[in-house]
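Q:
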Amino acid sequence: MPAQHGCRSRSRELFALTTIGLLTVAVACSIAPSAKGLPVIEAPTSQKHDVTQLTESMFVDQSSFPDIPGSKFVRAISGNRVDIQVSPSECSPLVVGYNTPQSGYAGVVGAGGMDIHLTTTSDPPDMQTLLNNCGTVTGSGPAIPLVTWHIKPIDVAGVPSWAGAVDMDGNAAVFGTYRGVFIKSNSGLDRETDAVQVFNDQVAKLAAV
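For the sequence shown, this note's numbering gives the first residue as 2, with consecutive numbering after it.
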């Protein structure tokens with residue numbers, strides 16, 4: 002098996018083992034150039050309190066996902082157990098998520114499937130750090146001796162200016178934090194626009210809670 006394919010498989014296993022999530026609602030925000038050419042991203046604002054307890058009703062439903070033949074819709078509050086040491090550690094929210102029972106997912110399972118993960122957090126990640134400083138990330142733990150992620154920002158239409166999108170070893174991830182919830186929408190690069198649509202639908206869902 003080629004090394005790249007093996008890395009990609011381990012990355013998909015990690016996505017299945019860890020529940021990550023994050024989304025946000027489109028709001029006005031100011032941006033300015035950063036030292037590395039990416040915009041400085043301001044967090045979206047909401048008049049509502051942060052979400053501290055997830056329920057399945059807070060997740061998008063099947064209608065937000067594309068119709069993929071042979072796929073099955075799933076949704077659950079599963080919790081997220083992280084026993085992987087990540088370097089750089091500040092990239093952990095993007096690659097393995099937070100260690101918390103307040104985490105869950107919704108998605109379509111099957112060939113070409115995709116999903117979205119939500120996790121409540123009082124310590125949201127810095128978006129500039131995730132976009133600028135997480136090009137090569139490594140992780141190791143009892144179940145996975147070593148895994149390496151290769152991450153680069155991508156420009157996808159429809160991503161809110163306060164959110165971000167990256168290519169993670171051939172998978173697209175759209176992510177951001179809204180109302181204390183880290184949202185991460187995952188798909189193949191051939192469905193990146195679908196990942197954005199699911200992300201934005203999820204933000205709207207959280208805004209209405």
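Note that CB positions come from ideal geometry on N, CA and C, so glycine has one too.
1) Could you give the DSSP three-state label for Ser123: helix, strand or coil?
2) Please say whether Asn201 and Gly189 have beta carbons closer to each other than 8 angstroms?
3) Ends of the beta strand (DSSP E) at Met169?
4) State the DSSP-derived secondary structure class of Asp62, mapped to helix, strand or coil.
5) Can you give the Cα-Cα distance for Val97 and Asn133, rounded to whole angstroms?
6) Per DSSP, which residues does Tyr179 bridge with? Please list them.
7) For Ser186, count neighbouring C-beta atoms within 10 Å of its own C-beta (all shown protein chains included) and say buried if the count is 16 or more, exposed if not.
8) Examine chain B for any beta-carbon lying closer than 8 angstroms to the beta-carbon of Trp150, and answer yes or no.
9) Can the beta-carbon of Gly113 be found less than 8 angstroms from the beta-carbon of Phe66?
10) Take the Cβ of Ala209 as the centre, count every other Cβ of all protein chains shown within 10 Å, and call the residue buried at 16 or more, exposed below.
11) Assuming Gln86 is part of the alpha helix (DSSP H), what are its boundary residues?
12) Please report the straight-line C-alpha distance between Asp116 and Thr130, rounded to a whole angstrom.
13) Is the Cβ-Cβ distance between Pro143 and Asp84 less than 8 angstroms?
14) Just reading off the beta strand (DSSP E) that Lys206 is part of, what are its end residues?
15) Can you look up Val138 in the DSSP assignment and give me helix, strand or coil?
A: Per the coordinate set shown:
1) coil
2) no
3) Gly165 to Met169
4) coil
5) 18 angstroms
6) Val182
7) buried
8) Of the protein chains in this structure there is only one, and it is not chain B.
9) no
10) exposed
11) No alpha helix (DSSP H) holds Gln86; the beta strand (DSSP E) holding it covers Gln86 to Ser88.
12) 24 angstroms
13) yes
14) Premise fails: Lys206 lies in the alpha helix (DSSP H), Glu193 to Ala209, not in any beta strand (DSSP E).
15) strand
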